[in-house]
Amino acid sequence: MIRTEGLTKRYRKMEALHDLSIAVPEGSVYALVGPNGAGKSTAIQTVMNILRPSAGRAEVMGVDSRALGAEELARIGYVAESQKLPGWMTVGYFLAYCKGFYPAWNDAEAAELVRGYGLPLERPMQALSRGMRVKAALVAALAYRPRLIVLDEPFSGLDVLVREELIESILDRTPEATVLVCSHDLGEIESFATHVAYLNEGRLEFAEEMATLTERFREVEVTLDREAEMPRELPAHWMNAECAGVVARFTDARYDAAASAAEIARRFGAVRGVEARRMSFRAIFLAMARAARRAQ
Amino acid sequence: MRLLLHTFRKDSRRLWPAVGITLALLATLAREDRWRADRVVGLTEGWLNLLLPLAWACLIALAILEEPLVGTRHFWLTRPYRWQSLLGAKALFAVAYVHVPLLVADCYVLAARGFSPVGAAAHLAGRQVLLACALSVPSLALAAMVGNFTQFVLMVLALGTVTNFFGAAFEMGVKTPAENWLSGPTIAALVLGAGLAILYLQYRRRGTAKARGVGVAAALVVAGVAMFWPEAVENSVHAALRPIGSRVALQLDATPRYPGGQGSALSTSVDLVIPVEVTGLPAGALFQVSAARLTVTAANGKRYENPEADGPGNWERRPFQGWLTRMTPEGDGAVLFLRFERKEFARLRDTKVRIAGQALVKLLRKTETRWMAVGGGTVSRELGRCTASLVEDRWAERVKVLCEAAREAAAPASVMLWTREGQRPLYHRLNDSFSAVSGPRVAWLSPVARGTTFLGVSRGEQRYPGTVLEEDLGRARIGVMAEVVTGYAVVEFDFRDVAMGKW
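Order-wise, the sequence lines are chains F and A.
In case it helps, the working numbering puts the first sequence at residues 1 to 296.
In case it helps, the working numbering puts the second sequence at residues 1001 to 1503.
1. For a quick check, are the C-beta atoms of F/Q126 and F/G87 less than 7 angstroms apart?
2. Run through DSSP, which three-state label would A/A1057 get?
3. Taking the C-alpha atoms as reference points, what is the distance between F/R66 and F/D185?
4. Check each candidate in A/G1333, A/R1394, A/G1474, A/A1411 and name the one with the smallest Cα separation from A/A1254.
5. Spatial neighbours of A/M1372 within its chain, please: C-beta separation below 6 angstroms, excluding the five flanking residues on both sides.
6. Output needed for A/G1071: all residues of its chain with C-beta closer than 6 angstroms, excluding positions within five of it in sequence on either side, in chain order.
7. Compile a chain-ordered list of the residues in the stretch 1059-1075 of chain A whose CB is closer than 9 angstroms to at least one CB of chain F.
8. Kindly list the residues whose CB is nearer than 7 angstroms to the CB of A/E1171, restricted to its own chain and excluding five residues on each side of it in sequence; keep chain order.
9. What residues of chain F sit near A/L1003, judged by a beta carbon separation below 9 angstroms?
10. On the three-state DSSP scale, how would you describe A/K1090?
11. Below 8 angstroms on the Cβ atoms is my guess for F/L281 versus F/E215; work out the distance and round it to an integer in Å.
12. Whole angstroms are fine: how far does the CA of A/F1008 sit from the CA of A/L1092?
13. According to the Cβ coordinates, are A/A1482 and A/L1383 closer than 7 angstroms?
14. Can you tell me the Cα-Cα spacing of A/P1412 and A/D1472, whole angstroms?
15. For A/Y1081, go through chain B and note every residue whose CB falls closer than 9 angstroms to its CB, in chain order.
16. For a contact meaning CB atoms closer than 7 angstroms, what does A/L1077 contact in chain F?
17. Rounded to the nearest angstrom, what separates F/V33 and F/G273 at their Cα positions?
18. So, for A/A1169: in the same chain, excluding its five sequence neighbours on each side, which residues have a beta-carbon less than 6 angstroms away from its beta-carbon?
19. Using a Cβ-Cβ distance cut-off of 7 angstroms, determine whether F/Y78 contacts chain A.
20. Based on the DSSP secondary-structure assignment, which residues constitute the bridge partners of F/L204?
21. By a C-beta neighbour count over all protein chains shown, 10 Å radius and 16 as the cutoff for buried, is A/V1174 buried or exposed?
22. Quick check on DSSP: helix, strand or coil for A/S1389?
23. Would you report the Cα separation of A/A1449 and A/A1105, rounded to the nearest angstrom?
24. Please confirm if F/Q126 has its CB atom under 7 angstroms from at least one CB of chain A.
25. Whose CA, out of A/T1369, A/L1402, A/P1243, A/L1469, lies closest to the CA of A/V1480?
26. Tell me, please, whether the stretch 1062-1069 of chain A touches the stretch 1142-1161 of chain A by the rule of three or more beta-carbon pairs shorter than 8 angstroms.
27. Count the other CB atoms within 10 Å of the CB of A/A1030; is the residue buried (16 or more) or exposed (fewer)?
28. What are the residues that DSSP puts in a beta bridge with A/V1415?
29. Between which two residues does the beta strand (DSSP E) containing F/D152 stretch?
30. Using only the alpha-carbon positions, how far apart do A/M1500 and A/A1298 sit?
31. Output the boundary residues of the beta strand (DSSP E) element that contains F/V47.
32. Taking CB distances under 7 angstroms as the criterion, tell me whether A/L1210 reaches chain F.
33. Taking the CB atoms as reference points, tell me whether F/I2 and F/V24 lie closer together than 7 angstroms.
34. Which chain F residues sit within Cβ distance under 9 angstroms of A/K1010?
35. When DSSP labels each residue in this structure, what does A/F1115 get in the three-state scheme?
36. With H, G and I counted as helix, E and B as strand and the rest as coil, what does DSSP make of F/D172?
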């Protein structure tokens, strides 16, 4: 559905996005995550032809992103946290205005979403709360059953109830629709993403299916025979390694029960016990962020 | 087309208060213009001629900025707009709320002043093109390059300041087309071309950096043309296209005939009036002469160059100014008018100088005299409809001659008041009066060109010079004659050893 190859965006000397290559499979919910300033929004805006790439290319629904036109945009729903909506329009007029651009607009669907979200049709957009504005934008992005839904930090700052409500209505449209979402809210990503790509300082650290990601990361705790220092040379996929007394802890980014046990034995010799715990996506993200900071 | 109208309806719904304001301003202006029977523009009309274009520019900008082209956060960027529809909607907005109302107002004013709008169709179409070049397209383009309305207003103020600094652009481009018919259209074409290029770049590709580059380059070129367009080129083209046909030359007339010299003791300058004879013209020919270039070289080699035309309200002292002129086409001859600052002249008084330059000689033909009585009127093809009426204000009673035509600028014309055999007629020129009241006075939005002159009236038995006796008004006949240029000649002149003390 979306493919980028070496996508790069520079602002004068500053490189906001460096050589990004990802593929978003059809029907997936693909999450771009990373800390603030990682280049997530830049990546999405470049894919959506809001920004022009400095190098590389992106393809959306088989069309070069720079050639994205009305036909393609009529099948894409886009909502962004920072989007400037026409505040003077009432919600009703906003939806009626948007309807004019979409041949596939479904009035019944729009009405249902409006009802579900509890949107006041007669109220001007500028008088709505942020959550209500996002809901209105979402109705205008979903009422024509888009094939691709692109969400740029749409839920940040919303309360849990609203967030769950919105996520639910988006998930209702999958797998017919593909979703590309960028967020730094790891909890919400974990709850519905099928794929994840991690960006840091404009660079892609990894991109893979959520299931394999949580499968390969483990928080490993090794209980040693006696007090010892952490060996100097450690495998690159052991992150944030630290030793306190007889306990050594690290995050293994390529956990495999047999291979990891052998590696631990090679590094530490005889050990009293090894415990490998599954990690939440949030824990994985934090471990990676901490490792990146240490590397700096 | 459907999306175009969809966006247009939305913009209309959003901006109807602003549209209402511009329509109210235009209606007020049309009403003022409809009742004006004078060349001089009243203060209200003068201000409206300034404010209305600003209001229109702001209105167009507001429409463009409904879907701003600069920035990445606007909701419309990811909606399926077609650039042609979007640009078309904005153009339609400008046509519907700026061009069409002006056309309607023009027709109303023309009809109210007794002209047929259908008969003036070409003139009205020309005004629409002029409006597009001077206002609509530049406003559309400028608004397409800025992120918000504040930036637009600041840019307009900056451009207005620069334009005012370098001279009254509207006057230059609009009101004297015959004199700068090369630079005026060149500027219009440049503005139009650059504006359309910017709109294409922004709407087709949202290439703001490139569009701004085009905008800056166009502004510099236009400023260059407006400031440095060589008058000599313009004159040469005039002379090549409509040559006089005989060899024209300029010679100094050795006899001082005009009072010049020291000026008053309070004056900071000294004026010299040197008669110049223009040879090579048919006997009795009517002509005008002006200097495109004028240099006075002192004996010590110091050069005094004629400065570029001043901007309005520039009263600063200058060491030298010079003109080559002829007061009236049928006058005694041409004069070289030199004005030196008193200090400079003190150095030159007892020396001989060299005066050289280039002059443009215009050969004129007067049209057939059209006669009318005081209180009557006449129609001339060149001057339009002329009337003569007795008017009285708080100071005096005068005969007002007014010529109105459905055109951009009033044709030059002379006016003659004849009373009886043996009485020397009074000669005036149309537009020889001016208003001393400060404020904007350019009626560039008026579809009617007006020319006026006032002939003084003496009461009682004593007739003052340059006036007509009130008792003679009953049999007075007023003749109007337009002056039509029939040929041009560019003449280089070089007067050596001119003794300054003589004049």
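Backbone N, C-alpha and C fix where the C-beta goes; we use that ideal spot for every residue, glycine too.
So, to answer that:
1. yes
2. helix
3. Going by the C-alpha atoms only, they are around 29 angstroms apart.
4. A/G1333
5. In chain order, T1378, A1388, I1478 place their CB closer than 6 angstroms to the CB of A/M1372, counting only its own chain and leaving out the 5 sequence neighbours on each side.
6. G1147
7. E1066, P1068, G1071, T1072, R1073, H1074, F1075
8. Unreliable placement is indicated for A/E1171, whose pLDDT of 42 sits below 50; no coordinate value is reported for it.
9. Listed along the chain, the chain F residues whose CB falls inside 9 angstroms of the CB of A/L1003 are A70, G100, F101.
10. helix
11. Checking the sequence, you will find Phe at residue 281 of chain F rather than Leu. So it is not a contact: roughly 12 angstroms between Cβ atoms.
12. 7 angstroms
13. Yes, the Cβ-Cβ distance between A/A1482 and A/L1383 is below 7 angstroms.
14. A direct Cα-to-Cα measurement between A/P1412 and A/D1472 gives close to 27 angstroms.
15. Included in the structure are the protein chains F and A, with no chain B among them.
16. Taking the beta carbon of A/L1077 as reference, the chain F residues within 7 angstroms of it are I50, listed in sequence order.
17. Straight-line Cα distance between these residues: approximately 34 angstroms.
18. Below a pLDDT of 50, predicted positions are generally treated as unreliable, and A/A1169, at 40, falls in that range; the measurement from the model is reported next regardless. Around A/A1169: T1163.
19. Contacts with chain A at 7 angstroms (Cβ-Cβ) include F/Y78.
20. F/L199
21. Any reading at A/V1174 needs caution, since the residue's pLDDT is 32, under 50, leaving its predicted position unreliable; the model's value is listed next. Classification for A/V1174: buried.
22. strand
23. A/A1449 and A/A1105 have their C-alpha atoms some 15 angstroms from each other.
24. no
25. A/T1369
26. yes
27. buried
28. A/H1428, A/V1480
29. 148-152
30. Using only the alpha carbons, I get a separation of about 10 angstroms.
31. Where F/V47 is concerned, there is no enclosing beta strand (DSSP E), although the alpha helix (DSSP H) it sits in stretches over 40-47.
32. A small correction: the amino acid at residue 1210 of chain A is Lys; Leu does not occupy that position in the sequence shown. Chain F, which has no Cβ nearer than 7 angstroms to the Cβ of A/K1210, makes this no.
33. yes
34. P86, M89, Y93, Y97, G100
35. coil
36. coil
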